[in-house]
Structure formats: C-alpha cells, structure tokens
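2 protein chains.
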Amino acid sequence: MSATERLMSEAEKINRFLSDIPELSLSGDPRWERVLEAERYALSAGGKRIRAVLAVEFYKLFKGTNEAPSYVYEAACAVELTHTFSLIHDDMPEMDDDDMRRGKPSTHVAFDTATALLAGDGLAILPYEILARLSLEGKISPETSVKLISALSRCAGNRGMIAGQMLDLWSETRYSEIDEAFLKKMSELKTGRMLICSCVFGAILANADESAVNAAIGYAERVGLAFQIVDDILDVTSTAEALGKPIGSDSERQKPTFADVLGLEAAQELAEKLSLEASELIKKYPGSEFLSELAITLATRKS
Amino acid sequence: MSATERLMSEAEKINRFLSDIPELSLSGDPRWERVLEAERYALSAGGKRIRAVLAVEFYKLFKGTNEAPSYVYEAACAVELTHTFSLIHDDMPEMDDDDMRRGKPSTHVAFDTATALLAGDGLAILPYEILARLSLEGKISPETSVKLISALSRCAGNRGMIAGQMLDLWSETRYSEIDEAFLKKMSELKTGRMLICSCVFGAILANADESAVNAAIGYAERVGLAFQIVDDILDVTSTAEALGKPIGSDSERQKPTFADVLGLEAAQELAEKLSLEASELIKKYPGSEFLSELAITLATRKS
C-alpha cells in the first residue's frame, strides 16, 4: 500500500470515528440541535485528516505496533475537531470571508453566521469533553488525559494557533513588512502548532520517552512548514478544480506568500529539504517508513 | 460582614487572580498579543464574579473551612473565563449586536470583530489549559483536574450553555411560541448550567460526596432561575444608569421575558420562592449562612 493509499484508508477510519462521536448525536430537538447539525456539516466537509492520522501513526510508531486501539482514534479526533472549529471561524465574514470550503458552502453560508459562531465554539470545547470522558471511562489514565488536554489547549490557544491567526490579521494591512521570517513565524503558529500537537498526541498516548517526543516535534515542525510552503505554491500553480477553491485568492489581495518571497523553485526545494529532514529524524524507529513517505508525499503533492 | 460585602470582597480577590493569570501575561509582541489585550479588556469589565465566588464558597462549605487555598481561586477563574468568552461572542453583530457591556464599549467595538472572535476563542480554550496546568504543577490531582474539565466542558458546551444560546436564537423569530416552559428551559441551559458548574467546581475541589454534589446542583438550579427572572424584571423596572446598559432592550424587540409571561409581581414572588428553596437545600451544612443570604440577595437585588 502506498503512503497515499494508507493515508486515505486511515482517513476513512477517522471519518467513521468522527461521525460516531456520541456527544454529537442528534436526539430530535432541532430548536437547539441545529448547532450540532452545523458541526456535523463542517466535519463532513472532509479534508485529508492528516492531523488525526499523524496522531494515530505516531502512536503506532512509538508503541511499535501496526494497530491502534479505538481510544487512540477517539483521542485523535480531538485534534481534528479543533482544526475544524478554526476553519469555521476562519471562513466567517469578519475573518477571511470565504463562502466556499472544499467545494461546498462554508458553514456560515450553509447555516447562518450566528449558528456558525456557536458551532465553532462548540467544536472548540468538545475535544476537552471527549478527552476527559476517555479518562472517566477508564480508557486512558487521568495523567494521560491531563497531558493531552494540556498539549491541545496550548497548541490551539492564545500562544499557538490563535496567535498565528492574529499574525495573519496583523499582516493584512502590512504587506511590505512580510518577509520569509514573518511567514515562517506565522506558519509555525497558525498551522505548525496543531501539527506538533497531532504528533505529540501519538507520543503521549504511547507513553513515549522524551527523545521520542522531541523527534515527533521535530518531524511536525518540518512537515508543517513544508505543508504551508506547498499550499502557497499550489495557490499559484494548481487549478481551481483540483483545489476545490478559487486559486490565486492570496495574490489577488497581493498578500505575499512563500511563493513570492522565495520564488517558486526555491520554495519547492525548501519544502522537499524539510520533508527529507523530517523523515531523517524518525528513521531510527522501526516502522517509520509510512511517516517518512508521508512527509515526502505532502511536500510533492499536486493538490 | 453582609452577604453583599462578602461577595464584593471575594469578587475583588477573584479579580486579582484573573489579572495574574500567567497565560494572559504580555511579553511585548503586540502583533499577536492584541488578542490577549482584548481578553484582558473583556475580563476587566468586571461584573459580580458570582460564578467564581460560588465555586470558592462551595469549596469552603463542603470542606468546612473559612479559607480557600490559592489553587481553588485559580480553578474558580476557569468558570469566569468561560463566562467572559460567551459574553464577547454574544455581543457580536451576528448575535445580540450589543455595542455596550457594563457601561463600556463591547470587545468587538473597543477592538474589532475579528479580534473579538479570536479573543472569545482564546478564552473558551484557556480554562482547560489552566485546569490541566494545576494538575501538572501538582496543585490538584489528575483525577480532580479531569472531573473539573468534564464538568466545565459539558456545562459550557453543545448540550449546555451553547444549546441555551441556540434556543435564544431560535426564539428570535418565534415570539408567539415563547411561554414559561420555554423560558425556563432556555434559562436552565443558557445561564443555569454554568451556575451549576460553578457550585459543582467547589464540590469537586472539596472532594465532597454525592449528596453534597446534589445539594450544590439543586441550589444552583434555583439560584440560576431566580437570577434570570430578576434580570428580566430589572430590564423593565430599573434605570439605564443602575444597569450600565440600555433598559427595555428586550421589550423593544417585543421578545417575551419572565416579566411578560408571569407578570412582574408573580415573577418576583417566584424568584423569592426559588431562593428560599435554594437556601433550604444547603442549611444542614455548617457555615451555609453566606450562601443562603447570597441566594436571597440575588433574588431581591435592584441592579
């Protein structure tokens, strides 16, 4: 099975766990359950589920196994829920004002802005409810639950993803001040921290030692930056159909990206260099082939 | 010291803990720390801090002590942060569109809507970071941390406060369907669940038994409903100056409240009956006088 096939097969498994989250089940009161419908809508929009897959795969890597138990998938969903909450709020009129997401109307368009605001809030809080429940059900220890909750809240919160979104807002009116260092910082916070969280989730769930945690962080940092660089390249070179969103949306606003500050060729080279470094960091762990290949695949993807 | 004086003195203590939250300290990068400034602004707008005070006082009641250690105040702040996140998002244009909050410009007016959206997100996530940290620092056990996180996320989340906000949105276009039962359900979810959370926080922190937890929940349910009823009464009878916001804002939109569906006199009687029941539920615990008096004070307040 190629890395892409394994990624897709694991993503489908994640999708099943996402649709089975008990806290998101409907009981028949549409007066308030419309918010659950909006959350389920946003979650069902798909995506590669890379974050959840990274959590599951780093668990397998550090546990030295080919299979992960259900609770690992349930915990991995927490990262995907946080990612989806940020997408709902990012698309809203006061933020990026994007009407489409992955070829479907954004949540605030498919529902309304008030419901989208609350659906984002609901998905921001739900991961902590799930991670606490896994402990109360005896599936993970309270110590593990607390470590996961600490990692997720720090990576998603004020000094993590949210700080990255603030940098993005800040840069909107300051295009001349955007350079490679700024773009790296923004990428590190806005998308990088949640990728670190994903890999660290796997390490925590596998009860891995500190050097393993550091390898996971190093891998995630490089893959995260490479992923953002390739996103910027594809925004220039890909077709609208392949991406499921209008291309060139950044350059229309003339907002500099890695493609601009580095040039397309150097940007692609950097992405590939980073993904090689990432795979280097984990190669001493038996069974690292998939994660190595995944890093390369993400850096050379065409959509 | 009267109940009002003790409430104010404890509220001041809570305010000191809120301004000392290490996760909200500024380090000098205004490019992204603007979101922290917005959160600190929203938190500094004040309020009675009833939620945090209830958490601290129920800890004292069930622990049989007059003093609470610092970590109890730190944990109690988590409830206040969640309440403040909901106020920031509630005031935004897509929700209540309120430009003023407690006599000051709302966060989205003092800053901007994008920053307010992210500040609400930040304050929604921060409580879990703090509650996990208290365990990692050894101030509370991982078991206690998980119980607090479970209680908070369930009371604030999709089936708690957020469901109540959805009911509020639902009712905007259905005034004719609003009756006493609906208003009770909305109050139970929108404000009641977070008051339950506050009292239960105290019980969990004191490691109280199940009958104590049930007494705390019963007290909170009644005080929460009484508080909402009095809010509705004051919206009709109080002055704009005393409330710090325009009066009659609900009736201008002709949205029925408890004052409408019950009549002012019956509404006031119900609030007082509920607060008496609340104090009855906790009177067997030595030292319950303050919480009893607080219930009565809240039901007979004039602002």
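The listed protein sequences derive, respectively, from chains A and B.
Offset between the first sequence (1-based) and the numbering used here: plus 2.
Offset between the second sequence (1-based) and the numbering used here: plus 2.
Where is the CB? At the ideal position from N, CA and C, for every residue including glycine.
Neighbourhood of residue i by C-beta distance below 6 Å, restricted to the same chain and skipping five residues each side
| i | result |
| --- | --- |
| Ala-78 (chain A) | Ala-54, Ala-57, Val-58 |
| Ser-277 (chain A) | Ala-228, Ala-297, Ile-298, Ala-301 |
| Ala-218 (chain B) | Phe-60, Cys-201, Val-202, Ala-205 |
| His-110 (chain B) | Met-94, Ala-118 |
| Thr-193 (chain A) | Gly-226, Gln-230 |
| Lys-286 (chain A) | none |
| Leu-133 (chain A) | Ala-80, Ser-147, Leu-150, Ile-151 |
Same chain only: Cβ atoms within 7 Å of residue i, ignoring 5 sequence neighbours per side
| i | result |
| --- | --- |
| Leu-9 (chain A) | Lys-50, Val-55, Leu-296 |
| Ser-88 (chain A) | Met-163 |
| Leu-83 (chain B) | Leu-125, Leu-128, Pro-129 |
| Ala-5 (chain A) | Phe-292, Glu-295, Leu-296, Thr-299 |
| Gly-122 (chain B) | Phe-87, Ile-90, His-91 |
Chain B contact for residue i (CB, 9 Å cutoff)
| i | result |
| --- | --- |
| Glu-131 (chain A) | yes |
| Pro-258 (chain A) | no |
| Phe-19 (chain A) | no |
| Ser-253 (chain A) | With a pLDDT of 49 at Ser-253 (chain A), under the threshold of 50, the modelled position of that residue is not reliable, and no figure is offered here. |
| Gly-226 (chain A) | no |
| Glu-76 (chain A) | no |
| Ala-57 (chain A) | no |
| Glu-145 (chain A) | yes |
| Glu-212 (chain A) | no |
| Asn-160 (chain A) | yes |
| Met-94 (chain A) | yes |
| Ser-108 (chain A) | no |
Cβ of residue i within 9 Å of any chain A Cβ
| i | result |
| --- | --- |
| Lys-149 (chain B) | yes |
| Val-37 (chain B) | yes |
| Phe-203 (chain B) | no |
| His-85 (chain B) | no |
| Met-196 (chain B) | no |
| Asp-234 (chain B) | no |
| Arg-103 (chain B) | no |
| Gly-122 (chain B) | yes |
| Ala-165 (chain B) | yes |
| Ile-127 (chain B) | yes |
| Thr-117 (chain B) | yes |
Residue i to residue j span [Cα, whole Å]
| i | j | result |
| --- | --- | --- |
| Arg-195 (chain B) | Ala-158 (chain B) | 7 Å |
| Phe-113 (chain B) | Ala-40 (chain B) | 7 Å |
| Gly-140 (chain A) | Thr-146 (chain B) | 15 Å |
| Ile-52 (chain A) | Asp-22 (chain A) | 19 Å |
| Leu-283 (chain B) | Met-94 (chain B) | 38 Å |
| Phe-260 (chain A) | Leu-28 (chain B) | 29 Å |
| Ser-253 (chain A) | Glu-182 (chain A) | Residue placement at Ser-253 (chain A) cannot be trusted, given a pLDDT of 49 that sits under 50; the coordinates are not used to answer. |
| Ser-213 (chain B) | Leu-169 (chain B) | 31 Å |
| Tyr-221 (chain B) | Ile-16 (chain B) | 22 Å |
| Arg-103 (chain A) | Asp-233 (chain A) | 15 Å |
| Ala-118 (chain A) | Leu-26 (chain A) | 15 Å |
| Val-238 (chain A) | Leu-266 (chain A) | 9 Å |
| Arg-303 (chain A) | Ser-189 (chain A) | 18 Å |
| Ile-142 (chain A) | Ile-180 (chain A) | 44 Å |
| Met-3 (chain B) | Ala-165 (chain A) | 44 Å |
| Asp-31 (chain B) | Ser-281 (chain A) | 33 Å |
| Glu-76 (chain A) | Cys-199 (chain A) | 15 Å |
| Lys-149 (chain B) | Leu-154 (chain A) | 17 Å |
| Asp-262 (chain A) | Ala-80 (chain B) | 43 Å |
| Leu-171 (chain A) | Leu-191 (chain A) | 13 Å |
| Leu-207 (chain A) | Val-74 (chain A) | 7 Å |
| Arg-42 (chain A) | Leu-20 (chain A) | 9 Å |
| Glu-279 (chain B) | Lys-257 (chain B) | 29 Å |
| Lys-211 (chain A) | Pro-144 (chain A) | For clarity, residue 211 (chain A) is Asp in the given sequence; the question names Lys instead. Roughly 18 Å separates the two Cα atoms. |
| Glu-71 (chain A) | Lys-62 (chain A) | According to the sequence shown, residue 71 (chain A) is Pro rather than Glu. Taking the straight line from one Cα to the other gives about 10 Å. |
Residue i, enclosing alpha helix (DSSP H) - first and last residue
| i | result |
| --- | --- |
| Asp-237 (chain A) | 212-239 |
| Arg-313 (chain B) | In the structure displayed, chain B extends from 3 to 305; residue 313 (chain B) sits before or after that span and is not available. |
| Leu-26 (chain B) | Leu-26 (chain B) -> no alpha helix (DSSP H), and no H or E assigned at all. |
| Thr-86 (chain A) | 72-93 |
| Phe-64 (chain B) | 52-65 |
| Leu-191 (chain A) | Here Leu-191 (chain A) belongs to no alpha helix (DSSP H), and DSSP marks it neither H nor E. |
| Thr-109 (chain B) | 109-112 |
| Arg-18 (chain A) | 5-21 |
| Ser-200 (chain B) | 195-207 |
| Ile-180 (chain B) | Careful: Ile-180 (chain B) lies outside any alpha helix (DSSP H) and carries neither H nor E. |
| Asp-262 (chain A) | 260-264 |
Other residues of its chain near residue i: CB distance less than 8 Å, five sequence neighbours each side excluded
| i | result |
| --- | --- |
| Asp-92 (chain A) | Asp-98, Asp-100, Gln-167 |
| Glu-35 (chain B) | Leu-28, Ser-29 |
Next on the checklist: To test your reading of the DSSP string, which unbroken beta strand (DSSP E) runs of 3 or more residues are found completely within the region 126-154 of chain A?
Outcome noted: Runs of the beta strand (DSSP E) spanning 3 or more residues and lying entirely within the region 126-154 of chain A do not occur at all.
Item to check | In chain order, each alpha helix (DSSP H) run of at least 4 residues that lies wholly inside the region 268-305 of chain B | outcome: 291-302
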